[in-house]
Amino acid sequence: MDAASTGGETATSSSSMSAKKNRSRTETVSTVASSETQQLKNAAAAEDEAEALPRWFPICCGKPILHGKPEALGFLLGMLGQVVGVLGVMTFVVPSLVYFAKKEAGCQVELEEGQDELPPCNETVYGIKPSSMITTLVSIVSICVALMTPVIGAIIDTSRHRRLIGRCIAFFYCCVILPQVFISENTWFPLVICLMLQGCTIMALSLCLHAYLPDLTDSEEELNDFTKTFTAVPGGFIIVFIIAVIGASVAFDVAGEEGPTARIAALFGVIVVAISLFISWGFLLKERPSLNALEEGQWRLTAGFKKIYLTAGRLYRTDMPLLWFFIAVALGDVKPLTGIGLTFLSSQQQFTSTDVGLAAIIMLVSAIPGAVLSAFMCRKFNPIRSSMLSLVIFSMTTIAASIFLTGPNQKPQTYVIVGCWGVVGGWKVTSTLMLVAGIIPEGGDAEYMGFYLFADSGLSWLPPLIFTAMNEAGMSERLGVSVSTVIWYVLGIGAYFMMGSYDDLIQRANRLEAPEKEHMAAISEHGDSPSKLSNSKLAIAISEEEALEEP
1 MDAASTGGET
11 ATSSSSMSAK
21 KNRSRTETVS
31 TVASSETQQL
41 KNAAAAEDEA
51 EALPRWFPIC
61 CGKPILHGKP
71 EALGFLLGML
81 GQVVGVLGVM
91 TFVVPSLVYF
101 AKKEAGCQVE
111 LEEGQDELPP
121 CNETVYGIKP
131 SSMITTLVSI
141 VSICVALMTP
151 VIGAIIDTSR
161 HRRLIGRCIA
171 FFYCCVILPQ
181 VFISENTWFP
191 LVICLMLQGC
201 TIMALSLCLH
211 AYLPDLTDSE
221 EELNDFTKTF
231 TAVPGGFIIV
241 FIIAVIGASV
251 AFDVAGEEGP
261 TARIAALFGV
271 IVVAISLFIS
281 WGFLLKERPS
291 LNALEEGQWR
301 LTAGFKKIYL
311 TAGRLYRTDM
321 PLLWFFIAVA
331 LGDVKPLTGI
341 GLTFLSSQQQ
351 FTSTDVGLAA
361 IIMLVSAIPG
371 AVLSAFMCRK
381 FNPIRSSMLS
391 LVIFSMTTIA
401 ASIFLTGPNQ
411 KPQTYVIVGC
421 WGVVGGWKVT
431 STLMLVAGII
441 PEGGDAEYMG
451 FYLFADSGLS
461 WLPPLIFTAM
471 NEAGMSERLG
481 VSVSTVIWYV
491 LGIGAYFMMG
501 SYDDLIQRAN
511 RLEAPEKEHM
521 AAISEHGDSP
531 SKLSNSKLAI
541 AISEEEALEE
551 P
């Protein structure tokens, strides 16, 4: 009887396991069918939307670009206008401002017969050395941006007039770029004020534009395509823009002359910026409701700062590893090196506007293999270690620049250093973005991304300010490049170290689906690192399929 009951239980258990397997397979088939149905619906919706597109909407390979989304095209053109105004125009205008400042200070700006390099310029103009002009400008703009970001962010977040605000800022942005077409020995100082306004305006315009990003699509596949396009197209266009400016300066026989080259760049920039922003904000981007309501009794000018204060306090009490990440972002910011490096090239290495343009092309192109290297390092180790290693290499490259770049007539060596900066810069930025995507807690995207943007610009003013102080004190610019940046990179490495385990962070963030968590836990029990497969949905799908096929 016991044998019979045991046999019956065995049969029942076997039947139950078979039923569970069948149910699992049925659910899998149902899920696949549902997914295919959704894809068909999305395709049909895309076709309907494509039919409603205006005739002028760009088409590539028989299909509308950017999945036929007019607002996605508006976002791309908005990005294009911003990038051209910052990288394209300033690459040529800023060295010209330094040139005219030196000329007004009474310093020698042209080589005389028998000279290989210009003598140092120790005179002052408007109270500072001409070589401190760029870094002083960057410091002031960075402080203004750090203070304005929470205010502008709160206004955009709680206003239902997002498009109107964007249009007004875009118009003002074009207005502050236009006077740069008339840069000369007599107008250079008023244009310094215009550059300061341009730096603040670009931040406000960027916040307005990025408020549209979450509404562009609900499809993860489309969002990935958009992200690649929004990165590749502006980067490629900037390279074409700089080549066009250099080509025009050669064609008009003004290559190497600061004023004419800067005027050509400003003219091209005004045309591109005005057209792209006019189409973007005038026709493609639509009105949107407010993202959040302003609390009763709250003031828009203080709402952003209050939110940052509350977020920092909550992180300090409940999530110190994530707070250390934001500290690392602030300390390891590589953007300040742009202004410092531009000063170093213009003053120490005595680069002309054309030389600086070539250096910008090298840096932009070399950032591409840097991004590829970052992806490899993140897979090999993890984004935290990749970010730390990138800061180590960045520090070594900057120190090498201080040691080996001693003056003019070193263009090949300078271009090599600039290329290294580009590679490591692309590596660092990509690793940081991958880290943000993995460790921001689920459900806190809006709050923590706002805090991330504040951290990313909160200390950008400090390295240029230190460089300016050292330069005004008569210290070597070579020493200033290293001291003003490397010390913060070392502190940033320490902050990354304090974050702890990457695997713990991604599990705390709850970014993984339940099957992924179980699979990672199983891997951990066998002694492997979960971070190696934390983002590998293919490996998880294969393991689930093999489990279903087991007898």
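Mapping to full-length UniProt numbering: the sequence shown position 521 is 521, numbers consecutive. Yeah, the Cβ is synthetic: ideal placement off N, Cα and C, and Gly gets one too. It should be emphasised that the depicted structure is a prediction, and the values quoted were computed from it without experimental measurement.
Query                                                                                                             : Result
For glutamine 180, the first and last residue of its enclosing alpha helix (DSSP H)                               : That residue, glutamine 180, is in no alpha helix (DSSP H); it is neither H nor E in DSSP.
Which residues DSSP lists as bridging cysteine 60, in chain order                                                 : Lys63
Bridge partners - isoleucine 128, DSSP secondary structure assignment                                             : Val125
Threonine 149 and phenylalanine 454 closer than 7 Å at C-beta                                                     : yes
Residue burial classification, proline 234 (beta-carbon count within 10 angstroms, cutoff 16)                     : buried
Whether leucine 97 touches glutamine 108 by CB criterion (7 Å)                                                    : no
Through-space distance from arginine 55 to threonine 137, alpha-carbon basis                                      : The amino acid occupying residue 137 in the given sequence is leucine; threonine does not appear at that position. About 45 Å.
Helix, strand or coil at alanine 473 [DSSP, three-state]                                                          : coil
Neighbour-count burial assignment, glutamine 115, 16 or more Cβ in a 10 Å radius                                  : exposed
Residue burial classification, phenylalanine 497 (beta-carbon count within 10 angstroms, cutoff 16)               : exposed
Range of the contiguous alpha helix (DSSP H) that encloses serine 290                                             : Taken as a continuous stretch (DSSP letters only), serine 290 belongs to no alpha helix (DSSP H), as it is neither H nor E.
Three-way DSSP call (helix, strand, coil) for glycine 106 in this model                                           : coil
Beta-carbon proximity of serine 390 to serine 431, cut-off 7 Å                                                    : yes
Candidates Leu462, Pro321, Phe467, Leu310, of which the one nearest aspartate 503 by Cα                           : Pro321
Contained alpha helix (DSSP H) runs [length at least 4] in the region 323 to 364, N- to C-terminal order          : 336 to 343
Proximity below 7 Å, CB of alanine 359 to CB of glycine 422                                                       : no
beta-carbon aspartate 319 near the ligand ATP non-hydrogen atom, thresh 6 Å                                       : The ligand ATP is not among the ligands present in this structure, which contains no ligands whatsoever.
Simplified DSSP state of glutamate 442, which is helix, strand or coil                                            : coil
Stretch-stretch touch, CB-based, cutoff 8 Å, three pairs: the region 323 to 343 with the region 457 to 472        : yes
Segment contact, 8 Å Cβ cut-off, at least three pairs: the region 165 to 182 with the region 323 to 336           : no
The alpha helix (DSSP H) enclosing proline 150, as first and last residue numbers                                 : 133 to 158
Contact under 7 Å by Cβ, asparagine 471 with glycine 480                                                          : yes
Residue from Gly438, Ser387, Pro408, Thr414 whose Cα sits closest to the Cα of valine 424                         : Ser387
Close Cβ partners of alanine 265 (< 6 Å) along its chain, the five nearest in sequence each way excluded          : Val89, Phe92, Val245
Cβ pair glycine 492, glycine 332 closer than 7 Å                                                                  : yes
N- and C-terminal bounds of the alpha helix (DSSP H) containing leucine 267                                       : 258 to 279
Contact belief for residue 553 with threonine 318 at Cβ below 8 Å, rounded distance in angstroms                  : As shown, the chain starts at 1 and ends at 551. That puts residue 553 outside it, with no answer to give.
Given leucine 364 as reference, the closest of Glu71, Trp427, Gln198 once Cα atoms are compared                   : Trp427
Span of the alpha helix (DSSP H) around leucine 111                                                               : Neither: leucine 111 is in no alpha helix (DSSP H) and is coded neither H nor E.
Helix, strand or coil at glycine 297 [DSSP, three-state]                                                          : coil
Element boundaries [alpha helix (DSSP H), containing glutamine 82]                                                : 70 to 83
C-alpha distance - leucine 87 paired with threonine 468, whole-angstrom precision                                 : 22 Å
Three CB pairs or more closer than 8 Å across the region 153 to 160 and the region 270 to 286                     : no
Buried or exposed by the 16-neighbour rule on C-beta atoms within 10 Å, applied to cysteine 60                    : exposed
Serine 30 classed as buried or exposed, judged by whether at least 16 other C-beta atoms fall within 10 angstroms : Low confidence applies here, because serine 30 scores a pLDDT of 49, under 50, leaving its location unreliable; read the following figure in that light. Burial call: exposed.
Alanine 401, DSSP secondary structure in three states                                                             : helix
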